[in-house]
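Working notes, beginning with the structure itself.
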Amino acid sequence: MTDDDGGWTTGSTSLTYSPPSTVYVDDDFTSATPGWDYDHFATIQDGVNAVAAGGTVNVAAGTYVENVNVS
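Printed below as a string of C-alpha cells:
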C-alpha cells in the first residue's frame, strides 16, 4: 500500500482465534463446504485437533481410515 506521498506504509492486524465448541466431520466434506477447516472437516483427527477443550466432535456415518489420537 502507498500513502499520499507515494511511499510505502505498513500495518499489522491482530486476530483472535477461538476454537469452535462443536465441530462436524463428514467424509463427503470438501474445501467447498461452508465452515471448511474451521468447524467442518473430512477427517476425525482434524475435527479433534480443532475443537475446543471439552467440546463435541459430531461424526457422520461414513468410512474413515485413520488412527485418531485424543489428548
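Position 26, counted from 1, in the sequence shown is what numbering that gives the first Met the number 0 calls 25; the numbers after and before it change by one each time, with no gaps.
Each residue gets a CB set at the ideal place from its N, CA and C atoms; glycine is no exception.
Quick one: is residue i buried, meaning 16 or more other Cβ sit within 10 Å of its Cβ, or exposed?
| i | result |
| --- | --- |
| residue 69 | exposed |
| residue 56 | buried |
| residue 38 | buried |
In whole angstroms, give me the CA-to-CA distance for residue i and residue j.
| i | j | result |
| --- | --- | --- |
| residue 26 | residue 11 | 37 Å |
| residue 61 | residue 34 | 19 Å |
| residue 65 | residue 15 | 31 Å |
| residue 13 | residue 36 | 20 Å |
| residue 40 | residue 17 | 17 Å |
Less than 8 Å between the beta carbons of residue i and residue j, yes or no?
| i | j | result |
| --- | --- | --- |
| residue 19 | residue 50 | yes |
| residue 32 | residue 63 | no |
| residue 24 | residue 54 | no |
| residue 58 | residue 44 | no |
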